[in-house]
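*Asks:* Submitted below is the structure of interest, expressed as structure tokens.
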Amino acid sequence: MDLATVVRQLLIGISSGMVLYVVAAGIALTLAGMNLINFAQGAFYILGAFLCFQLTRFTSFWVALLLGPIILALLGGLMEIFLLRRIYKKSFLFQMVLTMGITFILISVMEFIWGRTGRAVSIPPGLNTFVPLMGMDFPVYYIFIIAISGVFALVLWLMFEKTKLGMLFRAIISDRGMVGHLGINVSLLCTVMFMFSIWLSGIAGVAMAPIMGINAENSMNTLFSALIIIIVGGLTSLRGTFFAALVVGVVSSLGVMFLPWFYTLLPATIMVLVLLFKPEGLFEKRGD
Amino acid sequence: MWKALVKKRFFIFALIAVVVLSIVGPILPRYYTQLLTLTLITALFATSLNIEIGYAGMMPLGQATFYGLGAYSFGLLVIKAHLPIFPAVICGLLISMIISVIIGYLCIRRNLFIFGLLHLAFNIVFITLVSKWVNLTGGSSGFTATLRPAFLSSYVSFYFFVLVMVVVAYAIIKILVESPFGKIAQGMRENEERLNFLGVNTKRFQLVLFVASGFFAALAGVLLAMNNNGIYPAYFALTVSVQGLMMVIIGGMYFFIGPTLGALLVTIFSTEVSNFTSYWQGWLGVVMVIWVTRFKEGILFRRQSKASKKIPAIEMNK
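Going down the list, the sequences are from chains A and B.
At position 234 of the first sequence (counting the first as 1) the number is 234 in my numbering, and the numbers step up by one without a gap.
For any residue, its number in my numbering is found by taking its place in the second sequence, counting from 1, and adding 1000.
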């Protein structure tokens, strides 16, 4: 086990962590802003990958990267307006049953349209090369994944901190009622927020499509990973979610090398330890 | 202690139900008796969930943990340790109970929202553990083995065995929730803080409820393992947890018999739909979405306005 392998695993870990951050950030966003825990995020991620598969048959990968998430966001908007609005301010039980129901529907629809055997998308030309890395060939696509997720993490942060929309989102998170009293259409804003979170999972799904076996069954695994990350990161904090995603991604990809019989349990173990000893999130300051 | 059971209306209703079930079981064709057996088992599972949801306002998002735990600890004792069936049932239930005490102790230390997530987290841990620890659990294919004693091998005798077990379990649950203990649990649902001010250690009550709920879920799991003559990782699936919640919501969580009705509807629906389409999970999803957005409070809701006190949505940003 030499250094080059470790670095390689580290990069792969970072790339998977970054992608999971983009998925998990969507869940964290709706949880913070709308008090809604969206268990359907994993299914939307896989749906994004399937849309990439479908769209790359007609157009290029780049068009798919643009269109796929937008289609998903529109779907998410309809879902918010017609279904989720009815269960705000209700127990999490209802949210879980509703969003899991949507997950079941999406999984069945995806299996119906694209079959159960799984599909694959080829890596877009130009990114299908290798770079030398400490005497090994490292696939460029992983670096592309890190770059594109990094860009979206940055965009998310900038949007949150610097724009009017981000300001409104932050205002809703801290005091929803007050924003309503100021004459701002909170429910419209919630729809936008939800569409945005679904759009994020679409980006992640399309970007990951070329390097994963696209199978509807994976919805649940993605959901697990994303849930683990937001729990480790402290549920509602985007910053915490970001670092948690990196930690979980890197630990599980290094775990493949050092603990091959245990690595699939590593993220869950991290989550349980965090919940037991620091339930407010690994990177949050301890409050009261 | 027995007052809860001999309350006139409940007693008559229960008696009629048991008599009808004992008559109907043997005369129905084999397929329907087996379906009824499965319904009874899932009804026990849903009722075990409702101990926490309906009476204490807790959110057990990952109850399949204990369903699977009961099935696996019983099944593995038979398959791996070669114990006879009934000692294995008792040891299996004991093991599940010990594990549920540990999990419960870890889950209830923070507020109810963290409780729900931890509950779900342990479910995810067990799903991964069971599918990866191939040497012990048989991995994703599980184990198929004869898990019924010889005198229960026919479907009618097994039906009666399940009926007796479920009736006994229901009687114990009913006594539990109608006792002063259960009243405190309901107080916990309505206002935990006030109970704390009254000097009640609510954490201890939550732990006892958690263990009781886990125990009956494990019992349902044991019966399921016997019913299917095998243990499979699907028992732990998140789908099972969600179906349990679904049954509670459909039937109505403020009624003792609500989850049972929910279990009846969901089990029959899933089984019948899966007979003619392999996409039954999607159709179940459709029912879940429509039900949750349209009916909300369960089929028994309109009967009693007292139940309009909802579980308050737990605020994140306190």
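Every residue gets a Cβ at the ideal spot worked out from N, C-alpha and C, and that includes glycine.
These figures come from a predicted structure and were not determined experimentally.
How about valine 97 of chain A: is its C-beta nearer than 7 Å to some C-beta of chain B?
*Replies:* Yes, valine 97 of chain A counts as interfacial toward chain B.
*Asks:* Could you check whether the stretch 35 to 45 of chain A touches the stretch 153 to 173 of chain A, counting it as contact only if at least three pairs of C-beta atoms, one from each stretch, sit closer than 8 Å?
*Replies:* Verdict: no, contact absent.
*Asks:* For chain A, check one thing: does any of its Cβ atoms lie closer than 7 Å to the Cβ of tyrosine 1279 of chain B?
*Replies:* Yes, tyrosine 1279 of chain B lies at the interface with chain A (some Cβ there is under 7 Å from its Cβ).
*Asks:* Thinking glutamine 9 of chain A and methionine 257 of chain A are a contact (beta carbons under 8 Å), I'd like their distance in whole angstroms, please.
*Replies:* Going by Cβ atoms, the distance from glutamine 9 of chain A to methionine 257 of chain A rounds to 6 Å, so yes, they are a contact pair.
*Asks:* Note down, in chain order, every chain A residue with its Cβ under 8 Å from the Cβ of arginine 1189 of chain B.
*Replies:* The contacting residues do not exist; arginine 1189 of chain B stays about 11 Å from chain A at best.
*Asks:* Of the residues B/Lys1080, B/Ala1046, B/Tyr1155, which one's Cα is nearest the Cα of leucine 1031 of chain B?
*Replies:* The question names leucine, yet the displayed sequence has tyrosine at residue 1031 of chain B. Selected option, being the one with the closest Cα: B/Tyr1155.
*Asks:* Is there a Cβ of chain A sitting closer than 7 Å to that of alanine 1313 of chain B, yes or no?
*Replies:* Because alanine 1313 of chain B carries a pLDDT of 44, less than 50, the predicted location of this residue cannot be relied on, and no value is offered for it.
*Asks:* At what residues does the alpha helix (DSSP H) containing leucine 65 of chain A begin and finish?
*Replies:* Taken as a continuous stretch (DSSP letters only), the alpha helix (DSSP H) holding leucine 65 of chain A covers 61 to 82.
*Asks:* Contact criterion: CB-CB distance below 7 Å. Does phenylalanine 169 of chain A meet it with respect to chain B?
*Replies:* Answer no: the Cβ-Cβ gap between phenylalanine 169 of chain A and chain B never drops below 7 Å.
*Asks:* Are the Cβ atoms of threonine 1260 of chain B and alanine 1043 of chain B separated by less than 7 Å?
*Replies:* Against a cut-off of 7 Å, the Cβ pair of alanine 1043 of chain B and threonine 1260 of chain B comes out as a contact.
*Asks:* For lysine 1174 of chain B, count neighbouring Cβ atoms within 10 angstroms of its own Cβ and tell me buried if that reaches 16, exposed if not.
*Replies:* Burial call: buried.
*Asks:* Taking its Cβ as the centre, do 16 or more other Cβ atoms sit within 10 Å of arginine 1189 of chain B, making it buried, or is it exposed?
*Replies:* That one is buried.
*Asks:* Which runs of the alpha helix (DSSP H) spanning at least 4 residues fall entirely within the stretch 239 to 277 of chain A, listed in chain order?
*Replies:* Complete alpha helix (DSSP H) runs here, min 4: 266 to 277.
*Asks:* Would glycine 1054 of chain B and methionine 1253 of chain B qualify as a contact pair, given that the criterion is a beta-carbon distance under 7 Å?
*Replies:* The answer is yes: Cβ separation under 7 Å.
*Asks:* Distance, Cα to Cα, phenylalanine 1160 of chain B vs serine 1140 of chain B?
*Replies:* The straight-line gap from Cα to Cα measures roughly 31 Å.
*Asks:* Buried or exposed, going by whether 16 or more other CB atoms sit within 10 Å of the CB of valine 121 of chain A?
*Replies:* When all chains shown are included, valine 121 of chain A counts as buried.
*Asks:* Leaving aside the five residues before and after alanine 226 of chain A along the sequence, list all residues of the same chain whose C-beta is less than 7 Å from its C-beta, in chain order.
*Replies:* Only Leu20, Val23, Ala24, Ile27, Gln41, Gly42 meet the Cβ criterion.
*Asks:* With 16 as the cutoff for other CB atoms within 10 Å, does valine 290 of chain A come out buried or exposed?
*Replies:* There is simply no residue 290 of chain A to check, as chain A begins at 1 and stops at 288 in what is shown.
*Asks:* Considering just the uninterrupted stretch of the alpha helix (DSSP H) at methionine 136 of chain A, what are its terminal residues?
*Replies:* No alpha helix (DSSP H) holds methionine 136 of chain A; the beta strand (DSSP E) holding it covers 136 to 139.
*Asks:* Enumerate in chain order the residues of its own chain whose CB-to-CB distance from serine 1073 of chain B is below 7 Å, with the five nearest sequence positions on each side excluded.
*Replies:* Result list for serine 1073 of chain B: Gly1092, Ile1095, Ser1096, in chain order.
*Asks:* Can you tell which of A/Ile211, A/Ile70, A/Gly33, A/Glu284 has the C-alpha that lies nearest to the C-alpha of aspartate 175 of chain A?
*Replies:* Closest by alpha carbon: A/Gly33.
*Asks:* Are at least three pairs of beta-carbons, each pair with one atom in the stretch 1013 to 1025 of chain B and one in the stretch 239 to 257 of chain A, less than 8 Å apart?
*Replies:* Output reads no: the stretch 239 to 257 of chain A does not touch the stretch 1013 to 1025 of chain B.
*Asks:* Is the beta carbon of isoleucine 14 of chain A less than 7 Å from the beta carbon of asparagine 218 of chain A?
*Replies:* No, they are not a contact pair.
*Asks:* Given a threshold of 16 other Cβ atoms within 10 Å of its Cβ, counted over all protein chains shown, does phenylalanine 1086 of chain B qualify as buried or as exposed?
*Replies:* Label assigned to phenylalanine 1086 of chain B: exposed.
*Asks:* What first and last residue would you give for the alpha helix (DSSP H) that runs through valine 121 of chain A?
*Replies:* Unbroken run through valine 121 of chain A: none, as it is neither H nor E.
*Asks:* For the candidate residues B/Glu1178, B/Leu1152, B/Gln1206, whose alpha-carbon lies nearest to that of cysteine 1107 of chain B?
*Replies:* Of the candidates B/Glu1178, B/Leu1152, B/Gln1206, the one whose C-alpha sits nearest the C-alpha of cysteine 1107 of chain B is B/Gln1206.
*Asks:* Examine the Cβ distances between the stretch 132 to 142 of chain A and the stretch 62 to 72 of chain A and report whether three or more of them are shorter than 8 Å.
*Replies:* Output reads no: the stretch 62 to 72 of chain A does not touch the stretch 132 to 142 of chain A.
*Asks:* Could you tell me the alpha carbon to alpha carbon distance between phenylalanine 262 of chain A and phenylalanine 242 of chain A, rounded to whole angstroms?
*Replies:* Spanning the two alpha carbons is a distance of roughly 24 Å.
*Asks:* Whose C-beta lies closer than 8 Å to the C-beta of glycine 1230 of chain B among residues of the same chain, with five residues either side of it excluded?
*Replies:* Cβ within range, chain order: Gly1075, Gly1142, Phe1143, Thr1144, Ala1145, Leu1147.
*Asks:* Between which two residues does the alpha helix (DSSP H) carrying phenylalanine 283 of chain A extend?
*Replies:* Premise fails: phenylalanine 283 of chain A is in no alpha helix (DSSP H) and is neither H nor E.
*Asks:* Which of the three DSSP states, helix, strand or coil, is assigned to aspartate 184 of chain A?
*Replies:* The identity of residue 184 of chain A in the sequence shown is isoleucine, whereas the question assumes aspartate. The answer is coil: DSSP assigns isoleucine 184 of chain A none of H, G, I, E or B.
*Asks:* What residues are listed by DSSP as bridge partners for proline 132 of chain A?
*Replies:* Beta-bridge pairing links proline 132 of chain A to A/Asp137.
*Asks:* With DSSP as the reference, please indicate the residues paired to threonine 163 of chain A in a beta bridge.
*Replies:* Answer by DSSP bridge pairing: none, since threonine 163 of chain A is not bridged.
*Asks:* Going by beta carbon distance, what residues of the same chain come within less than 6 Å of glutamate 1315 of chain B, once the five residues before and after it are set aside?
*Replies:* Residue placement at glutamate 1315 of chain B cannot be trusted, given a pLDDT of 43 that sits under 50; the coordinates are not used to answer.
*Asks:* Give me, in chain order, the residues of the same chain whose beta-carbon lies closer than 6 Å to that of phenylalanine 1126 of chain B; leave out the 5 immediate sequence neighbours on both sides.
*Replies:* Counting only Cβ-Cβ distances below 6 Å, and skipping sequence neighbours, we find Thr1065, Phe1236.
*Asks:* Mapping the DSSP letters down to three states, classify serine 1305 of chain B as helix, strand or coil.
*Replies:* Caution applies to serine 1305 of chain B, whose pLDDT of 41 falls short of 50 and renders its modelled position unreliable; the value that the coordinates give is listed next. In this structure, serine 1305 of chain B counts as helix in the three-state DSSP scheme.
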